[in-house]
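Note that our numbering has the sequence shown beginning at 15, numbered continuously upward.
Quick reminder that beta carbons are idealized off the backbone N, C-alpha and C, glycines included.
I have placed the structure first, in the form of structure tokens, so that the comments after it can refer back to it.
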Amino acid sequence: MGPQLTSGNGSPRILIVRLSAIGDAILTLPLLCALRDRFPQALLAWVVEQRASSILEGHEALDELIVLPKGFLKSPRAVWGLRRRLRSLRFDVALDTQGLTKSAVVGWLSGATRRIGLSGQWGREISPWLNRELVRPTAPHMVDRTLELLRPLGIERPAVQFRVPETPAEHQQAARLVQEASWAHGFAIINAGAGTPSRLWPPSRFAAVARHLGAKWSLPSLVVWSGVAEMATAEWIVAESEGHAHISPPTSLRQLASIARLARLFVSSDTGPLHLAVAVGTPCVGLHGPWPAVQTGPYGPQHIAIEKMVFHGSTRQRRRAGRQYMESIDVESVCHACDRILHRPSSRAA
15 MGPQLTSGNG
25 SPRILIVRLS
35 AIGDAILTLP
45 LLCALRDRFP
55 QALLAWVVEQ
65 RASSILEGHE
75 ALDELIVLPK
85 GFLKSPRAVW
95 GLRRRLRSLR
105 FDVALDTQGL
115 TKSAVVGWLS
125 GATRRIGLSG
135 QWGREISPWL
145 NRELVRPTAP
155 HMVDRTLELL
165 RPLGIERPAV
175 QFRVPETPAE
185 HQQAARLVQE
195 ASWAHGFAII
205 NAGAGTPSRL
215 WPPSRFAAVA
225 RHLGAKWSLP
235 SLVVWSGVAE
245 MATAEWIVAE
255 SEGHAHISPP
265 TSLRQLASIA
275 RLARLFVSSD
285 TGPLHLAVAV
295 GTPCVGLHGP
305 WPAVQTGPYG
315 PQHIAIEKMV
325 FHGSTRQRRR
335 AGRQYMESID
345 VESVCHACDR
355 ILHRPSSRAA
């Protein structure tokens, strides 16, 4: 393990590599914030693929954002251009938070003397051979596990902060949506989509949750979506909600974050929008199947993760898991979790 960095080191130049996915990039934000707090004069840069880049744009802790197309390693021209840009920034440290070949290659291309990565089950493919300093994480949750990469830099157990950026225009647009809907007593958000079919919960059950929130709490639900398939699912949930749910207009990730800031509750399967809602402080109910809640559940005691069956297998096997893992989650358990959050005195008012 190399020497620790301290505030006395002046202005270290540090590269973060987390290429994908959206949820994983959000769960890596506490590492960025911890670095900025410890090294206020540092140059902090992040390499990310296009799909997850918008949530990082304008982040107060970030100096440089380098956005790559998916599959960039297949293009010699893209790789050479990336190397040239990274070398021009003269990094002292590269942090491979993803533990894959492609993320470790980015750190290697940077020319950083210290390349810190993961070992054990989290250091996959050939990443342990490309990284020079390896950390074997002990924490189960991805947020804490990622923060353990900061130990070689002298940072131990930092406060978890996300600081998701928001522009005045994004806030005003979200406030206008809520005002025009006349949701004076607040609203819930339902996100029925997921990155893989194995994470999907039946739409009929989301509709039942919307009916429960409307009947018991007089709380309307806004059903958010992304893409044509998710829009169709959202429309079906609204149609079956007996008037208690409303479909969201098209939203970007940044717009969704602003809307979530105003919501009293966010109900979702284990996917990027769930972690985005967590990051902006919205109380969440997370539904977990093939991916264990202890690793990727909504982070923090104010949230509730529901998991009925535990899956053992590789990431590829989790993507192909059967429906029984999500379908084992019953409507009553989800409604009860919503009630527990809404009963709290700290639950957001309108």
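Beta carbon of residue i nearer than 7 Å to that of residue j
{"i": "Arg27", "j": "Ile169", "result": "no"}
{"i": "Val81", "j": "Ser67", "result": "yes"}
{"i": "Ser283", "j": "Arg213", "result": "yes"}
{"i": "Leu76", "j": "Leu96", "result": "no"}
{"i": "Arg332", "j": "Pro304", "result": "yes"}
{"i": "Trp197", "j": "Pro234", "result": "yes"}
{"i": "Ala92", "j": "Phe201", "result": "no"}
{"i": "Gly134", "j": "Arg146", "result": "no"}
{"i": "Phe105", "j": "Leu29", "result": "yes"}
Chain-order list of residues whose beta-carbon lies under 7 Å from that of residue i (same chain, five-residue window excluded)
{"i": "Gly113", "result": "Gly131, Leu132, Trp136, Gly137, Arg138 and Ser141"}
{"i": "Pro217", "result": "Ala206, Thr247, Trp250 and Ile251"}
{"i": "Arg99", "result": "Ile80"}
{"i": "Ala8", "result": "Residue 8 falls outside the range modelled here, since the chain spans only 15 to 364, and no answer is possible."}
{"i": "Val345", "result": "Arg219, Ala222 and Val223"}
{"i": "Leu270", "result": "Val238, Pro287 and Leu290"}
Alpha-carbon spacing of residue i relative to residue j, whole angstroms
{"i": "Gly37", "j": "Glu256", "result": "32 Å"}
{"i": "Glu184", "j": "Ser272", "result": "6 Å"}
{"i": "Val242", "j": "Arg32", "result": "28 Å"}
{"i": "Ser21", "j": "Ala259", "result": "Low confidence applies to Ser21: its pLDDT is 45, below 50, so where it sits in the model is not reliable, and the reading given next is rough at best. Going from the Cα of Ser21 to the Cα of Ala259 covers about 51 Å."}
{"i": "Lys88", "j": "Trp143", "result": "20 Å"}
{"i": "Ala153", "j": "Ala253", "result": "43 Å"}
{"i": "Trp215", "j": "Met340", "result": "6 Å"}
{"i": "Val237", "j": "Arg171", "result": "36 Å"}
{"i": "Leu356", "j": "His199", "result": "12 Å"}
{"i": "Pro90", "j": "Leu164", "result": "32 Å"}
{"i": "Gln18", "j": "Arg334", "result": "42 Å"}
{"i": "Leu227", "j": "Asp353", "result": "8 Å"}
{"i": "Thr115", "j": "Asp158", "result": "22 Å"}
{"i": "Ala48", "j": "Ala39", "result": "15 Å"}
{"i": "Arg50", "j": "Arg268", "result": "22 Å"}
{"i": "Glu244", "j": "Phe325", "result": "25 Å"}
{"i": "Pro54", "j": "Leu191", "result": "37 Å"}
Cutoff 7 Å: residue i Cβ touching any chain C Cβ
{"i": "Gln175", "result": "Note that chain C does not occur in the displayed structure, where there is just one protein chain."}
Boundaries (first-last residue) of the beta strand (DSSP E) holding residue i
{"i": "Glu321", "result": "Ile318 to Glu321"}
{"i": "His302", "result": "Cys298 to His302"}
{"i": "Glu147", "result": "Glu147 to Val149"}
{"i": "Ser283", "result": "Leu279 to Ser283"}
{"i": "Ala59", "result": "Leu57 to Glu63"}
{"i": "Val107", "result": "Val107 to Asp110"}
{"i": "Val237", "result": "Ser235 to Val238"}
{"i": "Arg128", "result": "Arg128 to Leu132"}
{"i": "Ile30", "result": "Arg27 to Val31"}
{"i": "Leu256", "result": "The question names Leu, yet the displayed sequence has Glu at residue 256. No beta strand (DSSP E) holds Glu256; DSSP gives it neither H nor E."}
{"i": "Glu78", "result": "Glu78 to Leu82"}
Residues of its chain near residue i, where Cβ-Cβ distance is below 8 Å and the 5 sequence neighbours each way are ignored
{"i": "Ile320", "result": "Val299, Gly300, Leu301, His302, Ala307, Ile343, Ser347, Val348 and Ala351"}
{"i": "Ala35", "result": "Arg65, Ala66, Gly209 and Gly286"}
{"i": "His155", "result": "Val308, Gln309, Thr310, Gly311 and Tyr313"}
{"i": "Ser232", "result": "His199"}
Buried/exposed call for residue i, threshold 16 Cβ in 10 Å
{"i": "Ala173", "result": "exposed"}
{"i": "Ala363", "result": "Because Ala363 carries a pLDDT of 48, less than 50, the predicted location of this residue cannot be relied on, and the following value inherits that uncertainty. Exposed: under 16 other Cβ atoms inside 10 Å."}
{"i": "Asp110", "result": "buried"}
{"i": "Gly327", "result": "exposed"}
{"i": "Gly121", "result": "buried"}
{"i": "Thr127", "result": "exposed"}
{"i": "Gln193", "result": "exposed"}
{"i": "Gln64", "result": "exposed"}
{"i": "Ser25", "result": "exposed"}
{"i": "Trp94", "result": "exposed"}
{"i": "Glu71", "result": "exposed"}
{"i": "Ala1", "result": "Because the chain here runs from 15 to 364, residue 1 falls outside it and cannot be looked at."}
{"i": "Ser240", "result": "buried"}
Same chain, Cβ closer than 6 Å to residue i, neighbours up to 5 away in sequence not counted
{"i": "Gly73", "result": "Reading off the sequence, residue 73 comes out as His, not Gly. Pro179."}
{"i": "Thr160", "result": "Thr42, Leu45 and Thr111"}
{"i": "Gly125", "result": "Arg101"}
{"i": "Ser117", "result": "Val31, Leu33 and Asp110"}
{"i": "Phe176", "result": "Leu43 and Ala293"}
{"i": "Ala221", "result": "Ile251, Glu254 and Ser255"}
{"i": "Val61", "result": "Val31, Ile80 and Val120"}
{"i": "Arg129", "result": "Ala108, Gly121, Asn145 and Arg146"}
{"i": "His317", "result": "Cys298"}
Endpoints, the alpha helix (DSSP H) within which residue i is located
{"i": "Gly95", "result": "Pro90 to Ser102"}
{"i": "His226", "result": "Pro217 to Trp231"}
{"i": "Val242", "result": "Val242 to Ala253"}
{"i": "Glu194", "result": "Pro182 to Ala195"}
{"i": "Arg50", "result": "Ile36 to Arg52"}
{"i": "His350", "result": "Val345 to His357"}
{"i": "Val292", "result": "Gly286 to Ala293"}
{"i": "Ala378", "result": "The chain is shown from 15 up to 364; residue 378 falls before or after that span and cannot be answered."}
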